[in-house]
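First the structure, in the form of structure tokens, and then the observations on it.
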Amino acid sequence: MLPASFSDRLNKIMEVKMEEITQDTQEAFSRDSAEAATRGMTNSSYALGLYQRRRVQQIEKRIEAVLACQKRLISAGQLPFSETLASELKAQSEAWVTLEWCEQSVQSDPNLGLMKDYKTEFREETLQARNSALRKASIEIDLLVDELYTQGNTQTPAQTKELDQKFKILLSPDQIKKDFNEWVEKLGLVEGSIAVLFVDLDNFKALNTKYTEPRIDQDFLPGAMKLVERFVRVRGEAARYGGDEYVIILPNHDTTEAVAFSEKLRRAFE
């Protein structure tokens, strides 16, 4: 569980950040409004569109600010790894852009005499912006917690053996294919994306030749599979494709997110 001091300090920092965010978005709104006025674009539809842009910016900036504060506090306080740490950090991000707050921000728009379908469209866009920002923050938090886990991983041989037994077998190719097809059907309804990664260890044959296959199979591969499992945990699934090859599927990951994840995994293996 997060220390109370961690949450208290984050809230204090965020109070200051919120003033900055509010001022920045208000100034941007004022500039856009003034520019629109000089161009004669003073109709109510355009004005409400500016309010919507301001709302989306606030959502994105709020979550970015929470994540930045969390990283600073973790770095300064050397927060230890725990199994619930990622979920607690994600809950903090969500607390600053709750569904209630998003809904209230939509309802508080000035009555500009627009049709209801305009507000319905803005409500959907607001929730999409929230979900997208939280999803990106979630990936960053997972990577951050992974780093803490790696830094504090001082397991005894007995603990290592126990983990080897627990995580020795990743999913089978048949199971991961089945799950991939199910995710395709579900995400297709909301135009979601799935990243598929193929991981191949370099110079694996040379390792087998130098250290012998039995030693590599016993000492190296279990650790490699643990590393893959730890990175993919809660994000997606992984299957062992061969002795040094793995297939990873990550739902709700676009190309940019998949590249960032794969680079993080590559560095860990390196």
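Taking the numbering used here, the leading residue of the sequence shown gets 743, the next gets one more, and so forth.
Cβ coordinates follow ideal geometry from the N, Cα and C atoms, glycine included.
Just so you know, these numbers come straight off a predicted model, no measurement behind them.
Ordered along the chain, which non-local residues of its own chain (more than five positions away) have a Cβ less than 6 Å from that of residue i?
| i | result |
| --- | --- |
| residue 847 | 797 |
| residue 920 | none |
| residue 929 | none |
| residue 832 | 880, 883 |
| residue 990 | 939, 974, 980 |
Once the 5 residues before and after residue i are set aside, which same chain residues still bring their CB inside 7 Å of it?
| i | result |
| --- | --- |
| residue 902 | In this prediction, residue 902 scores a pLDDT of 45, lower than 50, which makes its location untrustworthy; the coordinate-derived value is nonetheless stated afterwards. The answer is none, since no qualifying residue turns up. |
| residue 885 | 1006 |
| residue 864 | 794, 848 |
Under a three-way DSSP split, which group does residue i fall into?
| i | result |
| --- | --- |
| residue 802 | helix |
| residue 808 | helix |
| residue 761 | helix |
| residue 839 | coil |
| residue 744 | coil |
| residue 976 | coil |
| residue 943 | coil |
| residue 910 | Low confidence applies to residue 910: its pLDDT is 45, below 50, so where it sits in the model is not reliable enough to give any reading. |
| residue 823 | coil |
| residue 877 | helix |
| residue 1008 | helix |
| residue 791 | helix |
| residue 796 | helix |
| residue 868 | helix |
Between the options, which lies nearest to residue i when the distance is taken from Cα to Cα?
| i | options | result |
| --- | --- | --- |
| residue 879 | 935, 816, 812, 842 | 812 |
| residue 875 | 863, 930, 840, 888 | 840 |
| residue 778 | 767, 792, 866, 763 | 792 |
| residue 844 | 831, 866, 781, 826 | 866 |
| residue 997 | 961, 989, 782, 934 | 934 |
| residue 767 | 802, 781, 925 | 802 |
| residue 760 | 795, 806, 744, 747 | 806 |
| residue 938 | 871, 925, 822 | 925 |
| residue 790 | 954, 1003, 774 | 774 |
| residue 892 | 959, 755, 824 | 824 |
| residue 977 | 949, 888, 916, 931 | 888 |
| residue 995 | 877, 954, 957, 1011 | 877 |
| residue 804 | 755, 970, 1002 | 755 |
| residue 837 | 955, 932, 873 | 873 |
| residue 869 | 817, 962, 744, 799 | 799 |
| residue 1001 | 948, 972, 936, 958 | 936 |
| residue 890 | 826, 822, 954 | 822 |
| residue 922 | 947, 953, 993 | 993 |
| residue 1089 | 916, 917, 1011 | The question about residue 1089 has no answer, for the chain in this structure spans 743 to 1012. |
| residue 746 | 830, 770, 969 | 830 |
| residue 972 | 1003, 763, 758 | 1003 |
| residue 744 | 827, 947, 764 | 827 |
Going by beta carbon distance, what residues of the same chain come within less than 8 Å of residue i, once the five residues before and after it are set aside?
| i | result |
| --- | --- |
| residue 987 | 940, 941, 942, 943 |
| residue 752 | 808, 811, 812, 815, 834 |
What I want to know is whether the C-beta of residue i ends up closer than 7 Å to one or more non-hydrogen atoms of the ligand NAP.
| i | result |
| --- | --- |
| residue 940 | Because no ligand of any kind appears in the structure shown, any question about the ligand NAP cannot be addressed here. |
Going by DSSP, what residues sit across from residue i in a beta bridge?
| i | result |
| --- | --- |
| residue 982 | 988 |
| residue 936 | 993 |
Consider the Cβ of residue i: report whether some Cβ of chain C lies at a distance smaller than 8 Å.
| i | result |
| --- | --- |
| residue 879 | In the structure shown, chain C cannot be found, because there is only a single protein chain. |
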